[in-house]
Amino acid sequence: MSRGVRLSVLGLYKFNNALFNEMKLPTGFSSQDRETIIGNILSECAELECLFPDWDYCQTMIGLWSKFNQPTWERIYRASLADYNPIENYNRTEIETIETDKSETHSGNDTRKTSGKDTNNVTATTTETHSGTDSETNSITAYDSNTLYVHDKADLEHGEQITSGGNTESSVNYGKNDTFTHGEKIVNDDTITRNNHTSGNIGITTSQQMLEQEIEVSAKLNMFSIICDSFKERFCILVY
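In my numbering, the protein residues as written are 20 to 259.
Okay, structure coming up:
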(Lines of atoms letter the chains of each structure in order from A and count residues from 1; the text may use other names and numbers.)
(Lines give C-alpha, C1' and ligand atoms only; values in the text may rest on other atoms or scores of the structure.)
Protein backbone atom coordinates (compact mmCIF):
# COMPACT_ATOMS: atom_id res chain seq x y z
CA MET A 1 0.00 0.00 0.00
CA SER A 2 1.69 3.22 -1.19
CA ARG A 3 2.16 6.06 1.27
CA GLY A 4 1.10 8.48 -1.42
CA VAL A 5 -2.37 6.97 -1.63
CA ARG A 6 -4.98 8.65 0.52
CA LEU A 7 -7.49 6.33 2.13
CA SER A 8 -10.36 6.92 4.49
CA VAL A 9 -10.60 5.31 7.90
CA LEU A 10 -13.49 3.25 6.59
CA GLY A 11 -11.32 2.02 3.73
CA LEU A 12 -8.56 0.95 6.10
CA TYR A 13 -11.10 -0.81 8.31
CA LYS A 14 -12.56 -2.69 5.37
CA PHE A 15 -9.06 -3.73 4.37
CA ASN A 16 -8.57 -5.27 7.83
CA ASN A 17 -11.17 -4.90 10.60
CA ALA A 18 -8.48 -5.37 13.30
CA LEU A 19 -7.60 -1.70 12.86
CA PHE A 20 -8.86 -0.73 16.34
CA ASN A 21 -7.53 -3.74 18.27
CA GLU A 22 -4.87 -1.60 20.02
CA MET A 23 -7.34 1.11 21.11
CA LYS A 24 -7.58 1.57 24.91
CA LEU A 25 -10.82 2.70 26.54
CA PRO A 26 -11.78 3.78 30.08
CA THR A 27 -12.15 1.06 32.68
CA GLY A 28 -15.73 -0.11 32.83
CA PHE A 29 -16.46 0.08 29.12
CA SER A 30 -18.02 -3.12 27.81
CA SER A 31 -17.32 -4.85 24.50
CA GLN A 32 -20.63 -3.44 23.30
CA ASP A 33 -19.48 0.08 24.21
CA ARG A 34 -16.31 -0.57 22.23
CA GLU A 35 -18.27 -1.60 19.16
CA THR A 36 -20.49 1.49 19.53
CA ILE A 37 -17.45 3.80 19.57
CA ILE A 38 -15.87 2.09 16.55
CA GLY A 39 -19.17 2.34 14.69
CA ASN A 40 -19.46 6.05 15.45
CA ILE A 41 -15.87 6.70 14.35
CA LEU A 42 -16.45 4.92 11.04
CA SER A 43 -19.71 6.78 10.54
CA GLU A 44 -18.29 10.21 11.35
CA CYS A 45 -15.05 9.71 9.41
CA ALA A 46 -16.29 7.64 6.48
CA GLU A 47 -15.71 10.35 3.85
CA LEU A 48 -12.58 11.84 5.43
CA GLU A 49 -9.08 10.91 4.39
CA CYS A 50 -6.91 9.27 7.03
CA LEU A 51 -3.70 11.03 8.01
CA PHE A 52 -1.92 7.65 8.17
CA PRO A 53 -2.85 5.60 5.08
CA ASP A 54 -0.45 2.78 5.98
CA TRP A 55 -2.60 0.22 7.81
CA ASP A 56 0.10 -1.10 10.19
CA TYR A 57 1.29 2.36 11.10
CA CYS A 58 -2.28 3.60 11.57
CA GLN A 59 -3.09 0.72 13.94
CA THR A 60 0.02 1.50 16.00
CA MET A 61 -0.82 5.21 16.15
CA ILE A 62 -4.38 4.44 17.27
CA GLY A 63 -2.92 2.46 20.18
CA LEU A 64 -0.54 5.28 21.16
CA TRP A 65 -3.24 7.94 20.82
CA SER A 66 -5.67 6.03 23.05
CA LYS A 67 -3.01 5.32 25.72
CA PHE A 68 -2.12 9.01 25.79
CA ASN A 69 -5.74 10.08 26.30
CA GLN A 70 -6.92 7.21 28.51
CA PRO A 71 -6.15 8.91 31.89
CA THR A 72 -8.18 11.97 30.84
CA TRP A 73 -11.01 9.80 29.60
CA GLU A 74 -10.99 7.90 32.90
CA ARG A 75 -11.47 11.10 34.91
CA ILE A 76 -14.22 12.39 32.63
CA TYR A 77 -15.96 9.02 32.70
CA ARG A 78 -15.90 8.84 36.52
CA ALA A 79 -17.24 12.40 36.69
CA SER A 80 -20.09 11.46 34.36
CA LEU A 81 -21.07 8.63 36.71
CA ALA A 82 -21.36 10.90 39.76
CA ASP A 83 -24.74 10.62 41.45
CA TYR A 84 -26.27 14.00 42.24
CA ASN A 85 -29.50 15.97 42.06
CA PRO A 86 -29.28 18.49 39.18
CA ILE A 87 -31.64 20.98 40.85
CA GLU A 88 -29.60 21.18 44.06
CA ASN A 89 -26.67 23.54 44.45
CA TYR A 90 -25.89 22.81 48.08
CA ASN A 91 -24.71 19.46 49.34
CA ARG A 92 -22.97 19.13 52.66
CA THR A 93 -22.06 16.04 54.65
CA GLU A 94 -20.60 16.11 58.14
CA ILE A 95 -19.34 12.95 59.81
CA GLU A 96 -18.36 13.14 63.47
CA THR A 97 -16.87 10.19 65.30
CA ILE A 98 -16.69 10.18 69.10
CA GLU A 99 -14.64 7.45 70.74
CA THR A 100 -14.69 6.83 74.49
CA ASP A 101 -12.33 4.62 76.46
CA LYS A 102 -13.35 4.00 80.05
CA SER A 103 -11.52 1.40 82.09
CA GLU A 104 -12.00 0.48 85.75
CA THR A 105 -9.57 -1.72 87.66
CA HIS A 106 -10.45 -3.44 90.93
CA SER A 107 -7.94 -5.40 93.02
CA GLY A 108 -7.40 -6.48 96.62
CA ASN A 109 -7.12 -9.36 99.09
CA ASP A 110 -9.94 -11.08 100.96
CA THR A 111 -8.91 -12.98 104.12
CA ARG A 112 -11.10 -15.61 105.76
CA LYS A 113 -10.05 -16.71 109.25
CA THR A 114 -11.33 -19.92 110.82
CA SER A 115 -10.52 -20.96 114.44
CA GLY A 116 -12.04 -22.94 117.31
CA LYS A 117 -11.72 -25.84 119.75
CA ASP A 118 -13.33 -29.25 119.59
CA THR A 119 -13.70 -31.03 122.99
CA ASN A 120 -14.71 -34.68 123.44
CA ASN A 121 -15.70 -35.95 126.92
CA VAL A 122 -16.13 -39.69 127.53
CA THR A 123 -17.58 -40.77 130.94
CA ALA A 124 -17.73 -44.50 131.85
CA THR A 125 -18.91 -46.33 135.04
CA THR A 126 -18.32 -50.07 135.62
CA THR A 127 -19.97 -52.06 138.43
CA GLU A 128 -18.72 -55.59 139.36
CA THR A 129 -20.84 -57.67 141.82
CA HIS A 130 -19.72 -60.89 143.60
CA SER A 131 -22.25 -62.91 145.72
CA GLY A 132 -22.69 -66.47 147.05
CA THR A 133 -23.02 -68.76 150.18
CA ASP A 134 -20.26 -70.80 151.80
CA SER A 135 -21.44 -73.83 153.91
CA GLU A 136 -19.32 -75.61 156.57
CA THR A 137 -20.49 -79.02 157.97
CA ASN A 138 -18.79 -81.01 160.82
CA SER A 139 -19.49 -84.76 160.86
CA ILE A 140 -18.52 -87.36 163.50
CA THR A 141 -18.67 -91.16 163.84
CA ALA A 142 -19.34 -93.40 166.85
CA TYR A 143 -16.58 -95.50 168.19
CA ASP A 144 -18.39 -98.56 167.19
CA SER A 145 -19.59 -97.39 163.74
CA ASN A 146 -18.16 -96.19 160.49
CA THR A 147 -21.18 -94.06 159.66
CA LEU A 148 -20.75 -90.28 159.68
CA TYR A 149 -23.25 -88.22 161.51
CA VAL A 150 -23.65 -84.46 161.08
CA HIS A 151 -22.50 -82.80 164.22
CA ASP A 152 -23.04 -79.15 163.22
CA LYS A 153 -23.43 -77.05 160.08
CA ALA A 154 -22.67 -73.37 159.48
CA ASP A 155 -23.64 -71.32 156.37
CA LEU A 156 -21.70 -68.10 155.50
CA GLU A 157 -23.26 -65.78 152.98
CA HIS A 158 -21.02 -63.20 151.34
CA GLY A 159 -21.37 -60.55 148.58
CA GLU A 160 -19.45 -57.60 147.29
CA GLN A 161 -19.92 -54.92 144.66
CA ILE A 162 -16.99 -53.15 143.01
CA THR A 163 -17.79 -49.94 141.14
CA SER A 164 -15.22 -48.20 138.96
CA GLY A 165 -15.61 -45.15 136.80
CA GLY A 166 -13.63 -42.64 134.80
CA ASN A 167 -13.86 -39.51 132.67
CA THR A 168 -11.77 -39.02 129.52
CA GLU A 169 -11.55 -35.61 127.88
CA SER A 170 -9.82 -34.86 124.59
CA SER A 171 -9.66 -31.50 122.83
CA VAL A 172 -8.42 -30.26 119.46
CA ASN A 173 -7.54 -26.65 118.81
CA TYR A 174 -7.60 -25.55 115.18
CA GLY A 175 -7.27 -22.37 113.20
CA LYS A 176 -6.40 -21.29 109.66
CA ASN A 177 -6.31 -18.17 107.51
CA ASP A 178 -7.39 -18.35 103.85
CA THR A 179 -6.35 -15.39 101.71
CA PHE A 180 -7.94 -14.78 98.29
CA THR A 181 -6.34 -12.30 95.93
CA HIS A 182 -8.62 -10.90 93.26
CA GLY A 183 -8.30 -8.41 90.45
CA GLU A 184 -10.56 -7.40 87.60
CA LYS A 185 -10.57 -4.82 84.84
CA ILE A 186 -13.77 -3.50 83.33
CA VAL A 187 -13.29 -1.98 79.88
CA ASN A 188 -16.02 0.08 78.30
CA ASP A 189 -15.12 1.21 74.79
CA ASP A 190 -17.76 2.98 72.75
CA THR A 191 -17.81 4.65 69.35
CA ILE A 192 -20.53 7.05 68.30
CA THR A 193 -20.73 8.18 64.68
CA ARG A 194 -22.94 11.09 63.72
CA ASN A 195 -23.71 11.65 60.06
CA ASN A 196 -25.34 14.93 59.09
CA HIS A 197 -26.28 15.48 55.45
CA THR A 198 -27.80 18.72 54.19
CA SER A 199 -28.71 19.42 50.57
CA GLY A 200 -31.02 21.60 48.52
CA ASN A 201 -31.26 24.86 46.62
CA ILE A 202 -30.01 27.86 48.56
CA GLY A 203 -31.68 30.26 46.10
CA ILE A 204 -28.72 31.67 44.17
CA THR A 205 -29.75 29.88 40.98
CA THR A 206 -33.25 28.90 39.94
CA SER A 207 -34.14 25.26 39.34
CA GLN A 208 -34.79 26.04 35.65
CA GLN A 209 -31.30 27.49 35.23
CA MET A 210 -29.75 24.46 36.88
CA LEU A 211 -31.68 22.12 34.58
CA GLU A 212 -30.42 24.03 31.55
CA GLN A 213 -26.86 23.72 32.84
CA GLU A 214 -27.39 20.00 33.42
CA ILE A 215 -28.44 19.49 29.81
CA GLU A 216 -25.41 21.41 28.60
CA VAL A 217 -23.01 19.47 30.83
CA SER A 218 -24.56 16.10 29.93
CA ALA A 219 -23.80 16.70 26.26
CA LYS A 220 -20.19 17.55 27.09
CA LEU A 221 -19.81 14.39 29.19
CA ASN A 222 -20.89 12.01 26.42
CA MET A 223 -17.85 9.72 26.30
CA PHE A 224 -18.75 8.32 22.88
CA SER A 225 -18.72 11.81 21.37
CA ILE A 226 -15.55 12.82 23.24
CA ILE A 227 -13.58 9.82 21.95
CA CYS A 228 -15.00 10.08 18.44
CA ASP A 229 -14.22 13.81 18.15
CA SER A 230 -10.70 13.24 19.49
CA PHE A 231 -10.10 10.53 16.88
CA LYS A 232 -11.39 12.68 14.06
CA GLU A 233 -9.15 15.57 15.08
CA ARG A 234 -6.06 13.37 15.36
CA PHE A 235 -6.40 10.98 12.39
CA CYS A 236 -8.49 12.71 9.76
CA ILE A 237 -7.70 15.45 7.25
CA LEU A 238 -10.56 17.83 7.91
CA VAL A 239 -11.13 18.97 4.37
CA TYR A 240 -14.67 18.59 3.13
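Even glycine gets a Cβ: it sits at the ideal position worked out from N, Cα and C.
When burial is assigned at 16 or more other CB atoms within 10 Å of the CB, is residue i buried or exposed?
i, result
"C69", "buried"
"Y96", "buried"
"N88", "buried"
"I302", "In the structure displayed, the chain extends from 20 to 259; residue 302 sits before or after that span and is not available."
"I246", "buried"
"I56", "buried"
Does the distance from the CB of residue i to the CB of residue j come in under 7 Å?
i, j, result
"K136", "N192", "yes"
"K121", "N207", "yes"
Could you pull out every residue in the same chain whose Cβ sits closer than 6 Å to the Cβ of residue i, ignoring the five residues on either side in sequence?
i, result
"D209", "T119"
"G58", "none"
"W92", "P45"
"N40", "none"
"N139", "S189"
"F71", "C77, M80"
Which value, in whole angstroms, describes the spacing of the CA atoms of residue i and residue j?
i, j, result
"Y32", "Q51", "18 Å"
"C77", "I223", "50 Å"
"H216", "S85", "40 Å"
"P45", "A37", "19 Å"
"D248", "A238", "13 Å"
"M242", "T79", "22 Å"
"F268", "V236", "Look at the range of the chain in this structure, 20 to 259, and you will see that residue 268 is not part of it."
"L230", "I221", "15 Å"
"D129", "T200", "6 Å"
"G19", "M42", "Because the chain spans 20 through 259 in this model, residue 19 falls outside it and cannot be assessed."
"K204", "G127", "12 Å"
"R253", "S99", "24 Å"
"M20", "T225", "Confidence at M20 is low in this model, with a pLDDT of 44, below 50, so its placement is unreliable and the value that follows should be read with caution. Taking the straight line from one Cα to the other gives about 59 Å."
"I114", "T212", "7 Å"
"D102", "R111", "14 Å"
"K195", "E123", "33 Å"
"E233", "D73", "42 Å"
"G47", "E54", "14 Å"
"L83", "G219", "44 Å"
Whose C-beta lies closer than 8 Å to the C-beta of residue i among residues of the same chain, with five residues either side of it excluded?
i, result
"K251", "I60, E63, C64, L67, L257"
"S27", "C64, A65, E66, L67, E68, C69"
Quick one: what's got a C-beta closer than 7 Å to residue i's C-beta in the same chain, skipping five residues either side?
i, result
"E107", "S218, G219, N220"
At which residue ranges does the segment 229-259 contain complete alpha helix (DSSP H) runs of 4 or more residues, listed in the order of the chain?
Runs found: 242-254.
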